[in-house]
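Asks: From first to last, the protein sequence lines stand for chains S and V. The first sequence begins at 1 in our numbering and counts up by one. The second sequence begins at 313 in our numbering and counts up by one. Beta carbons are placed, not taken as given, at the ideal position from N, Cα and C, and that holds for glycine. Remember, it's a predicted structure, so these values are computed and weren't measured experimentally.
Protein chains: 2
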Amino acid sequence: MTAEELKQYLEERRLLIDEALDRYLPGTGDSPKEIHEAVRYSVFAGGKRLRPILILAAAEAAGGQVEQALAAAAAIELIHTYSLIHDDLPAMDDDDYRRGRLTCHKVYGEAMAILAGDALLTQAFILLSTAIPPCPPLVKGEWGDLEGVPGPEARLTVIQEIAQAAGSKGMVGGQVVDMLHEDREVDLPTLTYLHEHKTGALIRVCLRVGGILASAGSEQMEALTRYGERIGLAFQIVDDILDLEGSLEALGKRAGSDLRKKKATFPALLGIEESRRWAHRLVSEAKQTVAVFGDRGVALQAIAEFVVMRRG
Amino acid sequence: MTAEELKQYLEERRLLIDEALDRYLPGTGDSPKEIHEAVRYSVFAGGKRLRPILILAAAEAAGGQVEQALAAAAAIELIHTYSLIHDDLPAMDDDDYRRGRLTCHKVYGEAMAILAGDALLTQAFILLSTAIPPCPPLVKGEWGDLEGVPGPEARLTVIQEIAQAAGSKGMVGGQVVDMLHEDREVDLPTLTYLHEHKTGALIRVCLRVGGILASAGSEQMEALTRYGERIGLAFQIVDDILDLEGSLEALGKRAGSDLRKKKATFPALLGIEESRRWAHRLVSEAKQTVAVFGDRGVALQAIAEFVVMRRG
Numbered sequence: 001m002t003a004e005e006l007k008q009y010l011e012e013r014r015l016l017i018d019e020a021l022d023r024y025l026p027g028t029g030d031s032p033k034e035i036h037e038a039v040r041y042s043v044f045a046g047g048k049r050l051r052p053i054l055i056l057a058a059a060e061a062a063g064g065q066v067e068q069a070l071a072a073a074a075a076i077e078l079i080h081t082y083s084l085i086h087d088d089l090p091a092m093d094d095d096d097y098r099r100g101r102l103t104c105h106k107v108y109g110e111a112m113a114i115l116a117g118d119a120l121l122t123q124a125f126i127l128l129s130t131a132i133p134p135c136p137p138l139v140k141g142e143w144g145d146l147e148g149v150p151g152p153e154a155r156l157t158v159i160q161e162i163a164q165a166a167g168s169k170g171m172v173g174g175q176v177v178d179m180l181h182e183d184r185e186v187d188l189p190t191l192t193y194l195h196e197h198k199t200g201a202l203i204r205v206c207l208r209v210g211g212i213l214a215s216a217g218s219e220q221m222e223a224l225t226r227y228g229e230r231i232g233l234a235f236q237i238v239d240d241i242l243d244l245e246g247s248l249e250a251l252g253k254r255a256g257s258d259l260r261k262k263k264a265t266f267p268a269l270l271g272i273e274e275s276r277r278w279a280h281r282l283v284s285e286a287k288q289t290v291a292v293f294g295d296r297g298v299a300l301q302a303i304a305e306f307v308v309m310r311r312g
Numbered sequence: 313m314t315a316e317e318l319k320q321y322l323e324e325r326r327l328l329i330d331e332a333l334d335r336y337l338p339g340t341g342d343s344p345k346e347i348h349e350a351v352r353y354s355v356f357a358g359g360k361r362l363r364p365i366l367i368l369a370a371a372e373a374a375g376g377q378v379e380q381a382l383a384a385a386a387a388i389e390l391i392h393t394y395s396l397i398h399d400d401l402p403a404m405d406d407d408d409y410r411r412g413r414l415t416c417h418k419v420y421g422e423a424m425a426i427l428a429g430d431a432l433l434t435q436a437f438i439l440l441s442t443a444i445p446p447c448p449p450l451v452k453g454e455w456g457d458l459e460g461v462p463g464p465e466a467r468l469t470v471i472q473e474i475a476q477a478a479g480s481k482g483m484v485g486g487q488v489v490d491m492l493h494e495d496r497e498v499d500l501p502t503l504t505y506l507h508e509h510k511t512g513a514l515i516r517v518c519l520r521v522g523g524i525l526a527s528a529g530s531e532q533m534e535a536l537t538r539y540g541e542r543i544g545l546a547f548q549i550v551d552d553i554l555d556l557e558g559s560l561e562a563l564g565k566r567a568g569s570d571l572r573k574k575k576a577t578f579p580a581l582l583g584i585e586e587s588r589r590w591a592h593r594l595v596s597e598a599k600q601t602v603a604v605f606g607d608r609g610v611a612l613q614a615i616a617e618f619v620v621m622r623r624g
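#1: When the Cα atoms are used, what is the spatial distance from S:A214 to S:L224?
#2: Hey, could you find the ends of the alpha helix (DSSP H) V:F618 is sitting in?
#3: From the beta carbon of V:S354, is the nearest beta carbon of chain S less than 8 Å away?
#4: Contact criterion: CB-CB distance below 8 Å. Does S:Q236 meet it with respect to chain V?
#5: So the alpha helix (DSSP H) S:F266 belongs to, where does it begin and stop?
#6: I'd like the list of long-range same chain contacts for V:A370, defined as Cβ closer than 6 Å, with 5 residues on each side in sequence excluded.
#7: At least one CB of chain V closer than 8 Å to the CB of S:G173: is that the case?
#8: Is V:V355 near S:S168, with beta carbons less than 8 Å apart?
#9: Can you list, in chain order, the residues of its chain with a C-beta nearer than 6 Å to that of S:D95? Leave out the 5 residues immediately preceding and following it.
#10: State the Cα-Cα distance for the pair S:T84 and S:G173, rounded to the nearest angstrom.
#11: For S:E34, which residues in chain V fall below 8 Å Cβ to Cβ?
#12: Take V:A598 and list the residues in its own chain whose beta-carbon comes closer than 6 Å to its own, dropping the five residues that flank it on each side.
#13: If you compare alpha carbons, which of V:L581, V:S343, V:Y394, V:S530 is closest to V:Y353?
#14: Restricting to Cα atoms, I'd like to know which of S:D295, S:A291, S:F235 is closest to S:R276.
#15: With 16 as the cutoff for other CB atoms within 10 Å, does V:Q320 come out buried or exposed?
#16: So which residues of chain S does V:G479 contact, with C-beta pairs closer than 7 Å?
#17: Against V:H398, what residues of chain S qualify as contacts under a CB-to-CB distance less than 8 Å, listed in chain order?
#18: Compare the C-beta of S:Q68 with all C-beta atoms of chain V and state if any pair is closer than 8 Å.
#19: Check the DSSP bridge columns for S:A207 and list the partner residues they point to.
#20: Does DSSP put S:R13 in a helix, in a strand, or in coil?
#21: With three or more C-beta pairs closer than 8 Å as the rule, is the stretch 178-187 of chain S touching the stretch 235-245 of chain S?
#22: Helix, strand or coil for V:R361 per DSSP?
#23: Do you know offhand how far V:P464's Cα is from V:V470's?
#24: Which residues does DSSP list as the beta-bridge partners of S:Y97?
#25: Considering only residues of the same chain and omitting the five flanking positions on each side of V:G456, which have a CB-CB separation below 6 Å?
#26: Taking Cβ-Cβ distances shorter than 7 Å, what residues in chain S pair up with V:A614?
#27: Excluding the 5 residues preceding and the 5 following S:A69 in the sequence, name in chain order all residues of the same chain whose CB lies nearer than 7 Å to its CB.
#28: Given a cut-off of 8 Å on the beta-carbon distance, is the pair V:I553 and V:I584 in contact?
#29: From V:V610, V:M424, V:F605, V:D551, pick the residue whose C-alpha is nearest to that of V:E534; which is it?
#30: For chain S, find out if any of its Cβ atoms is closer than 8 Å to the Cβ of V:G609; answer yes or no.
#31: Is S:D30 close to chain V, meaning its C-beta is less than 8 Å from at least one C-beta of that chain?
#32: With H, G and I counted as helix, E and B as strand and the rest as coil, what does DSSP make of S:L128?
#33: Can you name, in chain order, every residue of its own chain whose Cβ lies under 6 Å from the Cβ of V:A478, other than the five neighbours on each side?
#34: When you compare only the Cα positions, how much space is there between S:V307 and S:M1?
#35: Which residues in the same chain have their Cβ closer than 8 Å to the Cβ of S:L120, if we skip the five residues on either side of it in sequence?
#36: Under 8 Å between C-beta atoms, does V:Q320 make it to chain S?
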């Protein structure tokens, strides 16, 4: 996939996911309209939709259909958005801007932002329990171990894996560790643990959920999981580098905000060059891992590349 | 059931539920321990466990087993606890005490309290997707329409109903309306809407979940639902009356706190006597509704009685 093809692929997928999010979320005509306005303000704030795109790409790599994975993809984006709204609160990171727009609590007030986050997390589980189609993928893959039907047991597994990745031993746990180490010296193992939980767990589960919904076999699941772990960490390292180097135009928040808050970052611990080398190594491992999918894995290959090459 | 028998029944059930909660929640040895401490502080803060008790009682009334419903009962209590933690936050109701103890954010700080609520809501869905036994009830009831096995589809339905009851068109929606009407005149339809969502939706779903897990037929489901709607509203009316009349000893928060915050209440709109009559009428309707369960419904009958007679 060329850089131009990837750009087009990401844009098409983003539109597909935005359309699904719009369809699955309550409208601003639904009562109470104030909460649905706040929810939609944050969901449609111009995200890259990387996580849901990963779910769709994983499902396709494992021989499944995009339609089968679209509801789970939307649900993950809702969980991601809830985590951003709560992270931005005054009691947490106290951020006024995200992606160049005022954060939810700056527009709707703190109470509404807390409730919008709560509503989004809950809405994700409404989606996961109602909107994943029970029908089998139409095309059986070349892999012998495709079971075909993501039946109710598979859907329960998806709910379980996503809840665990988002919970106190996953994303929330990472946020706790982040908070506890603000203004404190952090060593590399702690920083790695922090990001493997705060951002890594949710990215990792995207790959697994795509696999489960495509009835992937255990070898495929393992490849997807390892890919997810590597690009999750690489994504965070690059985020740290971008934060250090970035500008208001590129990132939508003031560059160097980690530094201002004295947050530990990979470049601060390892230097920029060493951090960049590490990110490249992780991405190269991730790409090797999904070579097993052959042509069906080209999107995953290109996305891994994008993670280290992106400028915002 | 005599008052003494009910007291013993409620106490036995409370212990059973506390034991389940202790088993299902991560321990304070689980990393990061700070969040699990905060979560357990709030979950084990001396609640009556009314909602989980209702799930168990509904399951038994419909001919099911307590064991089948215990995980869902625990999950509902986690969701109830999360809602209390977030409601107590400075940006929301700003309460320092609940049930005579300092609230979560007073002990662990605002950021940790936000995250503890998030963790509890997520943990509820971990429980619902993993801990409901797939096995059928051992004893088939006298009702012809018992299907026997709460299979994966039934478990997905339980997740869906609970998520919808807790979400932006249920509990969170009620909290939004409550917040938007603080310091404002509220009429009876608005106040009723508010409570039917803020507290009513979760109580109602307890009865339905108990029924679903006991493979209740549609007539039974309807009886349980109507019972839940009536005692949910009665519970809130009595809460308003108790808040007006109560004392620090009985309620664990300063009496009249609704009044201090100028919150609309049923006694403020209708007077205490008319409010009390309404609560009694609702409870009497609730009891009639579950007469259909005969002897198996005695606990539901007694709990309805308890809702209007309680003093705290």
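Replies: Answer, in terms of the structure:
#1: Whole-angstrom Cα-Cα distance: 12 Å.
#2: Taken as a continuous stretch (DSSP letters only), the alpha helix (DSSP H) holding V:F618 covers 610-621.
#3: It does not; no Cβ of chain S falls within 8 Å.
#4: With 8 Å as the cut-off, S:Q236 does not count as an interface residue toward chain V.
#5: Here the alpha helix (DSSP H) through S:F266 covers 266-270.
#6: Sequence-distant Cβ neighbours of V:A370 in its own chain, meaning closer than 6 Å and more than five residues away, are L519, G522, G523, L536.
#7: So yes, S:G173 belongs to the interface.
#8: It is not a contact, given that the beta carbons lie outside the stated cut-off.
#9: Closer than 6 Å at Cβ, skipping near neighbours: D88, T103.
#10: According to the sequence shown, residue 84 of chain S is Leu rather than Thr. Rounded to whole angstroms, S:L84 to S:G173 spans 15 Å at the Cα level.
#11: Result: V488, L492.
#12: Same-chain partners within the cutoff: Y539, R542, I543, A616.
#13: In terms of Cα proximity to V:Y353, the closest of V:L581, V:S343, V:Y394, V:S530 is V:Y394.
#14: The residue among S:D295, S:A291, S:F235 with its C-alpha nearest the C-alpha of S:R276 is S:F235.
#15: V:Q320 should be labelled exposed.
#16: Neighbours of V:G479 on chain S, chain order: A119, T122, Q123, I126.
#17: V:H398 reaches chain S at I114, L115, D118, counting residues in chain order whose Cβ is nearer than 8 Å.
#18: It does not: the Cβ of S:Q68 has no partner Cβ on chain V nearer than 8 Å.
#19: Checking the sequence, you will find Leu at residue 207 of chain S rather than Ala. None; S:L207 has no bridge partner.
#20: Residue state, collapsed to three classes: helix.
#21: Cβ pair count under 8 Å is below three, so no.
#22: Correct three-state label for V:R361: coil.
#23: Each residue's Cα considered, the two are about 10 Å apart.
#24: S:L102, per the DSSP bridge assignment.
#25: Its pLDDT being 34, under 50, V:G456 is placed unreliably by the model, and the measurement read from it follows with that caveat. The beta carbon of V:G456 is closer than 6 Å to none in its chain, skipping five residues each way along the sequence.
#26: Ordered by position in chain S, no residue passes the 7 Å Cβ test against V:A614, which lies about 32 Å from the chain.
#27: Close CB contacts of S:A69 within its chain, under the 7 Å cut and outside five residues either way in sequence, are with I55, L56, A59, G210, L213 (chain order).
#28: Against a cut-off of 8 Å, the Cβ pair of V:I584 and V:I553 comes out as a contact.
#29: Closest by C-alpha distance to V:E534, out of V:V610, V:M424, V:F605, V:D551, is V:F605.
#30: Closer than 8 Å: no.
#31: Yes, contact with chain V.
#32: DSSP places S:L128 in helix when its eight states are reduced to three.
#33: So the qualifying residues of the chain are I391.
#34: Approximately 15 Å, taken between the alpha carbons.
#35: So the list reads V39, S42, V43, L78, I79, T81, Y82, I85, once near-sequence residues are dropped.
#36: At least 8 Å separates the CB of V:Q320 from every CB of chain S.
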